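Sequential numbering of the sequence shown, starting at 1, is according to UniProt numbering.
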Amino acid sequence: MAEAHQAVAFQFTITPEGIDLRLSYQALSQIYLSGLRSWKKRISRMRNRVIKGVYPASPSSWLFVVIAILATMYMRSDPSMGLIAKIQEHLPGQTMLSVLVFSTLLWLSLILTLRFCLKLLLSYHRWMFEQHGHISTTTKVWVTLVRLLSGRKPLLYSYQTSLPCLPVPPIKDTLERYLESVRPLLSGPGFQRMTVLAAQFENSLGNRLQRYLKLKALWATNYVSDWWEEYIYLRGRGPIMVNSNYYGMDFLYVTPTPIQAARAGNTITALLLYRRKSRVPGTVIPLCAAQCERMFNTTRTPGEETDVLQHWQDSEFVTVYHRGRYFRLWVYKAGRLLSPREIEYQIQRILDDPSPPGPGEDRLGALTAGDRVPWCAVRKQYFSSGVNKRSLDCIERAAFFVTLDDEEQGMMGEDPVGNLDRYAKSLLHGKCYDRWFDKSFSVVVYKNGKNGLNAEHSWADAPTVAHLWEFTLATDAFQLGYTEDGHCKGEVERSLPPPQRLTWDIPEQVSISLSVAQALADDVDCHVFPFRDFGKGRIKKLKISPDAFIQLALQLAYYRDRKTFCLTYEASMTRLFREGRTETVRSCSNEGCAFVKAVESGEGPEHCRRLFRLAAEKHQNLYRLAMTGSGIDRHLFCLYVVSKYLGVESPFLTEVLSEPWRLSTSQTPVQQLELFDMKNHPDFISLGGGFGPVSKHTPRRTHTHTHTHTHTHTHTSTQTSTTWGSFGPVSTHTPTQTHTPFCYFSHFLLPLFQVADDGYGVSYIIVGEDMINYHVSCKHSFSETVSVCYTLTCIGDRC
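Dropping the structure here:
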């Protein structure tokens, strides 16, 4: 009760003798310091907005322009060519004010000119198509100009208004690339039929839809992203657990401390330090940072027809789950961030709390794991007021969610590979009720000190969260560190109030969501394995892109498993453009199929080597086209959306978007080499992350990775210790009740993004020079998985 009394700044009672007023100076001091921190953050945000608003210039450049104009006027020269005199006509006798007005207008004009020039420069993408190691003079000049116009210290969002918009590719080019992509998958008559459908679409409805799409591109900052977020993610009515959320893992060989509370303390601190960051690391090619805006203080709330992403400007606490109980943990006191040791102390209080969970409290998280419509109904009925609403607000407004898991995970024991599989499944879905899958991300800290992360997908793609997780692992291990006995560093203020236990009045409907989620989780089969026979070092000696090498290995593996080829999804980022997200690379190409057939038919090594190089170069070209806005699937998707808005049917688009994806792949993005010292700390590598298996009636995947071959891009290296995976699709069970045209529209749109029940999800990370880590997921009922390791070794020997 002492904490409750301290929380009251003042109280008064009315007695026969008068009013008795009591002030708590300690509480008033806390209120003052908290408000001071809030105002400091507001001022900092305002300052950043000003700096971002005038980029690529700086606020101080305004003063330089004013001084320059005044100096020229002092020398009896008129740099304004009479404009200052015209301004004076409206401001008689105000010479200095007229000069300031002219200088400001000139300064703003220069900013717009510089921004326009920078946008033109960033629209140049020929550098990506140049041969590795051979940079043209044009590209060298371009890099110099970009550096000159970019300034020295751009903030995180400085480039946003200078990034080019995603272009709408010509419909003829998209259709040609589509037909080329399905040629190895269709029989002669089948391909001829699709060719006729494509020609009919281009000559009739296609051009009309294209005009509407170009009109949207002129108006919107990105013609794809808003529809992609809404119709592929937020309107999905099935569970997001497994189907959409993805996970990231801890270091493979190293656990910095075996103490659960200490690892949680450093992890939480590192995440909050990342939230403070306002700058991006030095790069030549800027990427869109729009996805970073909703990283913290964000949750996905369910709706009957569509979910909504809610974001708050700030949050001074995190929500912690332990043994069926929820706690609010304040991470700031008197305006300062608690030290790692203080957070460890608070976490240990939660671990030592013997109180049992309330009725139904331990299974509450299952609501976020099941179908969205039942969760929406339960939320409206039981969580819209009273104690449930207050406690739910604490979870949803928290900076992020933390689970203190009572299990031990990692590569350990007599079955290290099997334990890695269980580790992956635990991060992907846990017990179905001990994660809050609606939060932007949830951190999991295990009993033995291992940690991991589960992320919701709609707000951002994997590279954004990967960047966060790389920083967190590096800061935890190398910056914050631990004492010799494994505890966090720093001192503890023992007067800290204990974490606040959240209270609930839980309905029985939670059990329904749990049964749905449990059935989904039980059908997931995950396999995680490190491949150590060779890695990037050997592949680079072949002068082949590592990503192309692995994609061809996956094609060979699938062909050996099924004796046929399949439509293959590999995600490419489009963050070179403003608000860009992903594009699909259709990895199953004619050249790749020719190589696979040559290997399987026993052709000679020289012939196979030649076909392999042709296939690898083809894959690289497809990837470059996707990154530069000339992909296939996002364009066709948007054309289909336009057709539904117009109420017209297209047999071609309907068939294209209903084709099943049986192999969904993603390379782990690697971005921050400077944080790790692989030479002196080779054991600090992560196994990466992964996603759930492809399943029926789900939208196509949108996991992302960065390009690993292009020489100029600064986010392309693969020699880092931290890794990331990707994710699964969103199930799209259409609600039984439809009330609006939009819901009717979604009923036709969402089921078209289909993948097969017998499909595979494959995530991989190239670690250093000598290791490739894999995450393969499928369904237990379709678990006839061929060994990717064997296939890689086969290709390596032949090449």
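Here a beta-carbon is modelled for each residue, glycine too, at the ideal position from N, C-alpha and C.
Given the structure is predicted, the values throughout are model-derived calculations rather than measurements.
How far does the alpha helix (DSSP H) with residue i in it reach, from first residue to last?
i: residue 295; result: Run containing residue 295: none; DSSP gives neither H nor E here.
i: residue 70; result: 59-74
i: residue 191; result: 188-201
i: residue 472; result: 462-474
i: residue 132; result: Residue 132 -> no alpha helix (DSSP H), and no H or E assigned at all.
i: residue 429; result: 416-429
i: residue 597; result: 590-600
Pick out whichever of the options has its Cα sitting closest to the Cα of residue i.
i: residue 168; options: 200, 192, 218; result: 218
i: residue 536; options: 653, 367, 559, 769; result: 769
i: residue 623; options: 523, 134, 612, 551; result: 551
i: residue 690; options: 321, 285, 409, 249; result: 249
i: residue 482; options: 404, 238, 269, 229; result: 269
i: residue 578; options: 559, 285, 451, 421; result: 285
i: residue 145; options: 136, 156, 121; result: 121
i: residue 130; options: 668, 639, 625, 777; result: 625
i: residue 545; options: 581, 616, 585, 570; result: 616
i: residue 56; options: 227, 478, 117; result: 117
i: residue 658; options: 567, 667, 376, 608; result: 567
i: residue 83; options: 76, 64, 103; result: 103
i: residue 335; options: 437, 764, 296, 314; result: 314
i: residue 299; options: 292, 407, 308, 291; result: 308
i: residue 153; options: 48, 176, 77; result: 48
i: residue 610; options: 543, 630, 558; result: 543
i: residue 276; options: 468, 196, 173, 650; result: 468
Pull up the CB-CB distance for residue i and residue j, whole angstroms please, since I reckon it's below 8 Å.
i: residue 490; j: residue 263; result: Between residue 263 and residue 490 the Cβ distance is about 15 Å, and since that is not below 8 Å, they are no contact.
i: residue 775; j: residue 528; result: 5 Å
i: residue 260; j: residue 492; result: Their Cβ separation, rounded to whole angstroms, is 17 Å, which puts residue 260 and residue 492 out of contact at 8 Å.
i: residue 687; j: residue 773; result: 5 Å
i: residue 628; j: residue 125; result: 4 Å
i: residue 319; j: residue 395; result: 5 Å
i: residue 70; j: residue 99; result: 6 Å
i: residue 403; j: residue 363; result: With 8 Å as the limit, residue 403 and residue 363 do not qualify as a contact, their Cβ atoms being about 14 Å apart.
i: residue 638; j: residue 223; result: 6 Å
i: residue 384; j: residue 409; result: Their Cβ separation, rounded to whole angstroms, is 37 Å, which puts residue 384 and residue 409 out of contact at 8 Å.
i: residue 162; j: residue 115; result: 5 Å
i: residue 257; j: residue 486; result: 4 Å
Are there 16 or more other CB atoms within 10 angstroms of the CB of residue i, so buried, or fewer, so exposed?
i: residue 93; result: exposed
i: residue 170; result: exposed
i: residue 347; result: buried
i: residue 322; result: buried
i: residue 484; result: exposed
i: residue 39; result: exposed
i: residue 476; result: buried
i: residue 431; result: buried
i: residue 85; result: exposed
i: residue 596; result: buried
i: residue 754; result: Residue placement at residue 754 is poorly supported in this model, since its pLDDT is 47, which falls under 50; the coordinates still yield a value, given next. Buried, since its Cβ has 16 or more Cβ neighbours within 10 Å.
i: residue 771; result: buried
i: residue 369; result: buried
i: residue 749; result: With a pLDDT of 43 at residue 749, under the threshold of 50, the modelled position of this residue cannot be trusted; read the value that follows with caution. Residue 749 comes out buried.
i: residue 253; result: exposed
i: residue 667; result: buried
i: residue 587; result: buried
i: residue 692; result: buried
What does DSSP give as the partner residues of residue i in its beta bridges?
i: residue 404; result: 322, 445
i: residue 52; result: Answer is none; residue 52 lacks a bridge partner.
i: residue 585; result: 570
i: residue 301; result: 308
i: residue 380; result: For residue 380, which the question treats as bridged, DSSP gives no partner whatsoever.
i: residue 767; result: 771
i: residue 248; result: 453, 689
i: residue 760; result: 663
Would you mind reading off the limits of the beta strand (DSSP E) that contains residue i?
i: residue 778; result: 771-779
i: residue 624; result: Element bounds for residue 624: not the beta strand (DSSP E) but the alpha helix (DSSP H), 605-627.
i: residue 527; result: 524-531
i: residue 451; result: 451-455
i: residue 661; result: 661-667
i: residue 386; result: Per DSSP, residue 386 belongs to no beta strand (DSSP E); it is in the alpha helix (DSSP H), 386-396.
i: residue 241; result: Neither: residue 241 is in no beta strand (DSSP E) and is coded neither H nor E.
i: residue 691; result: 689-691
Looking at the ligand FMN, does it come within less than 7 Å of residue i, judged from the CB to the closest heavy atom?
i: residue 525; result: The model depicted lacks the ligand FMN and carries no ligand whatsoever.
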